[in-house]
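Step one of this worksheet: look at the structure below.
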Amino acid sequence: MHADVQVVLNVHCNIALPPEESAEGTIPPEIGNLSCLVSLDMNDNFFYGPIPPSIFNISSIQAIHLRGNPLSSKLPNDMCMQSLHNLKTLQISFTKLYGEIPSSLGQCSSLEVLSLYNNSLVGEVPKEIGNLTLLTELYLGFNSLTGNIPKEIGYLNSLKSLNMASSGLNGLIPKEIGNMTALRRIYLDNNALSDVIPGEIGQLNNLEYVSIDSNKLTGPLPLAFFNMSHVKSISLRHNTLNGTLPREIGNMKSLQELYLINNTLTGVIPEEIGGLENLVALYMSSNNFIGHLPPVMFNMKSLTSLSLHKNALTGMSIQS
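Listed below in structure tokens is the structure:
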């Protein structure tokens, strides 16, 4: 069923085209004439071709949702410079968006949700993104970006969810990430991030989910990492982390999932791990752990998945 988009444009200041009324074709440039438009929702339709630049000139608009359309377009280099100062949500994920993220996006000062997930964007994450201090959600994953995570990201102290997975990033995880104290979810997996995990990450007391799989991280797990008392899931698989699993892991009382597969961690498994009463999944295979399994591990009633193969463990210690 094809919606008559032109008629919709003539009568509405809030446009929503649900999937059951799926529309196709190009988005008419006349959409920019809707000077009272506050919300535009064209998610999950069959619109193709470019995104009309006129959309980005509507000064009243607060939400733009274009997710899941085969749109092939660039973001204008001057977006947010003259308009879009009321824009709170920009969602153009799962499209064919290409080109660079314009630095002028940093002038969308009211932006709270920015989702450019799963596109073909290239270039670096502009440092001006740090100007978006009202952001609560940032999704840039599954693109073809290059360069580092800018240190200016540390200014986003309202951000709750950060997803830059599979986006081509390299370099260090900036220590300024420790300033993002509202952060609850961070997904940086499948990049080329290197060097150590900054100890400043331990300042994120609201963090619940951490995934930094499949990078080039090295060095030991920082002790400050284990200060995060609300964290539920940690996944650091497929890196080259070394050193021991510290006793402080017992501080993570909310931990439900721990994935450390395929690193170079060594030493004994600390007894304190047995105090993780909510732990459901423990995967530490393909490391260099040695010694006996602490008997307290066999009292972990919540544990349903345990993987320890490809280590140098020698059994269970017997206490008299």
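Following our numbering, the numbering of the sequence shown begins with 623 at its first residue and continues without gaps.
Glycine included, every Cβ here is placed at the ideal spot set by N, Cα and C.
For clarity, every value in this text was computed on a predicted model and none was experimentally measured.
Quiz item: Is Val-918 helix, strand or coil by DSSP?
Solution: Counting from 1 along the sequence shown, the entry for residue 918 is found at position 296. Three-state DSSP puts Val-918 in a helix.
Quiz prompt | 9 Å Cβ cutoff met for Asn-828 and Leu-794 | solution = Locating residue 828 in the sequence shown gives position 206, where the first residue counts as 1. Locating residue 794 in the sequence shown gives position 172, where the first residue counts as 1. No; because the gap between Cβ atoms is not below 9 Å, this pair is not in contact.
Quiz item: So, is Phe-911 buried or exposed, given that buried needs 16 or more other C-beta atoms within 10 angstroms?
Solution: Position 289 of the sequence shown, counted from the start, is the residue given in the question as residue 911. By the Cβ neighbour-count rule, Phe-911 is buried, with 16 or more other Cβ atoms within 10 Å of its own.
Practice problem: Could I get the ranges of all uninterrupted beta strand (DSSP E) runs contained in the region 704 to 733, with 3 residues as the minimum, in chain order? | Solution: Under the rule that a run must span 3 or more residues, the beta strand (DSSP E) segments found entirely inside the region 704 to 733 read 711 to 713, 720 to 722.
Self-check item: Spatial distance of Met-919 from Leu-810 (CA atoms)
Solution: The residue labelled residue 919 in the question sits at position 297 within the sequence shown. The residue labelled residue 810 in the question sits at position 188 within the sequence shown. About 30 Å.
Quiz item: For Tyr-905, does the three-state DSSP call read helix, strand or coil?
Solution: Here residue 905 refers to the residue found at position 283 of the sequence shown. Tyr-905 falls in the strand class under three-state DSSP.
Self-check item: Cβ neighbour criterion (16 or more within 10 Å) applied to Leu-845
Solution: One-based indexing of the sequence shown puts residue 845 at position 223. Classification of Leu-845: exposed, given that the 10 Å Cβ count is below 16.
Quiz prompt | Any non-hydrogen atom of the ligand ADP within 8 Å of Lys-749 CB | solution = This structure lacks the ligand ADP; in fact it carries no ligand of any kind.
Quiz item: From Asn-864 to Ile-895, what distance separates their C-alpha atoms?
Solution: Walking along the sequence shown from the start, residue 864 turns up at place 242. Walking along the sequence shown from the start, residue 895 turns up at place 273. Near 18 Å, if we compare the C-alpha coordinates of Ile-895 and Asn-864.
Quiz prompt | Rounded separation between Val-853 and Ser-732 - CA only | solution = Working through the sequence shown from its first residue, we reach residue 853 at position 231. Working through the sequence shown from its first residue, we reach residue 732 at position 110. Val-853 and Ser-732: Cα-Cα distance of roughly 29 Å.
Quiz item: For Glu-822, which of Asn-812, Lys-797, Asn-813, Gly-841 has the nearest alpha-carbon?
Solution: Indexing the sequence shown from 1 puts residue 822 at position 200. Of the candidates Asn-812, Lys-797, Asn-813, Gly-841, Lys-797 places its Cα closest to the Cα of Glu-822.
Exercise. Taking the CB atoms as reference points, tell me whether Thr-711 and Leu-688 lie closer together than 9 Å.
Key: Your numbering for residue 711 matches position 89 in the sequence shown. Your numbering for residue 688 matches position 66 in the sequence shown. No, the Cβ-Cβ distance between Thr-711 and Leu-688 is not below 9 Å.
Exercise. Check whether the Cβ atoms of Ser-788 and Gly-763 sit closer than 9 Å, and answer yes or no.
Key: The sequence position of residue 788 within the sequence shown is 166, counting from 1. The sequence position of residue 763 within the sequence shown is 141, counting from 1. Yes, they are a contact pair.
Quiz item: Residues in its own chain within less than 6 Å of Gly-889 by CB, not counting five upstream and five downstream?
Solution: If you number the sequence shown from 1, residue 889 lands on position 267. Cβ neighbours of Gly-889 within its own chain (closer than 6 Å, five residues either side excluded): Thr-866.
Practice problem: Look up Glu-750 in the DSSP assignment and say whether it is helix, strand or coil. | Solution: Here residue 750 corresponds to residue number 128 of the sequence shown, with the count starting at 1. Three-state result, Glu-750: helix.
Quiz item: Is Val-744 closer than 9 Å to Glu-722 when the C-beta atoms are compared?
Solution: On the sequence shown, residue 722 is found 100 positions in, with the first residue counted as 1. On the sequence shown, residue 744 is found 122 positions in, with the first residue counted as 1. Result yes, Cβ atoms of Glu-722 and Val-744 sit closer than 9 Å.
Quiz prompt | C-beta neighbour in chain C for Gly-865, strict 9 Å | solution = The structure shown has no chain C; it contains just one protein chain.
Quiz item: Going by beta carbon distance, what residues of the same chain come within less than 6 Å of Asn-679, once the five residues before and after it are set aside?
Solution: Residue 679 sits at position 57 when you count from the first residue of the sequence shown. Short of 6 Å from the beta carbon of Asn-679, and not among the five residues preceding or following it, lie these beta carbons of its own chain, in chain order: Gly-654, Ser-705.
Quiz item: If you check the beta carbons only, do Ser-929 and Met-906 fall under 9 Å apart?
Solution: Locating residue 929 in the sequence shown gives position 307, counting from the first residue. Locating residue 906 in the sequence shown gives position 284, counting from the first residue. For Ser-929 and Met-906, yes; Cβs fall inside 9 Å.
Quiz prompt | Neighbourhood of Ser-924 by C-beta, 7 Å cutoff - its chain only, sequence neighbours within 5 removed | solution = Counting from one through the sequence shown, the residue named residue 924 turns up at place 302. Excluding sequence neighbours, Ser-924 sits near Glu-899, Asn-900, Leu-901, Val-902.
Quiz prompt | Sequence-distant residues of its chain with Cβ nearer than 8 Å to Ile-677 (five each side left out) | solution = Position 55 of the sequence shown holds residue 677. So the qualifying residues of the chain are Ile-649, Ile-653, Gly-654, Leu-662, Ile-683, Ile-686.
Quiz item: Anyone know if the C-beta pair for Gly-790 and Gln-825 falls short of 9 Å?
Solution: Here the question's residue 790 lines up with position 168 in the sequence shown. Here the question's residue 825 lines up with position 203 in the sequence shown. In this structure, Gly-790 lies away from Gln-825, with their beta-carbon atoms at least 9 Å apart.
Quiz item: Any idea what DSSP makes of Glu-646, helix, strand or coil?
Solution: As a working mapping, residue 646 is identified with position 24 in the sequence shown. Strand, per DSSP.
Quiz item: For Val-627, does the three-state DSSP call read helix, strand or coil?
Solution: Residue 627 sits at position 5 when you count from the first residue of the sequence shown. Its pLDDT being 49, under 50, Val-627 is placed unreliably in this model, and the coordinates cannot settle the point.
Quiz item: Between Leu-882 and Leu-858, which are expected to be in contact by the criterion C-beta below 8 Å, what is the C-beta distance as a whole number of angstroms?
Solution: If you number the sequence shown from 1, residue 882 lands on position 260. If you number the sequence shown from 1, residue 858 lands on position 236. At roughly 6 Å, the Cβ-Cβ gap stays under 8 Å, so Leu-882 and Leu-858 are in contact.
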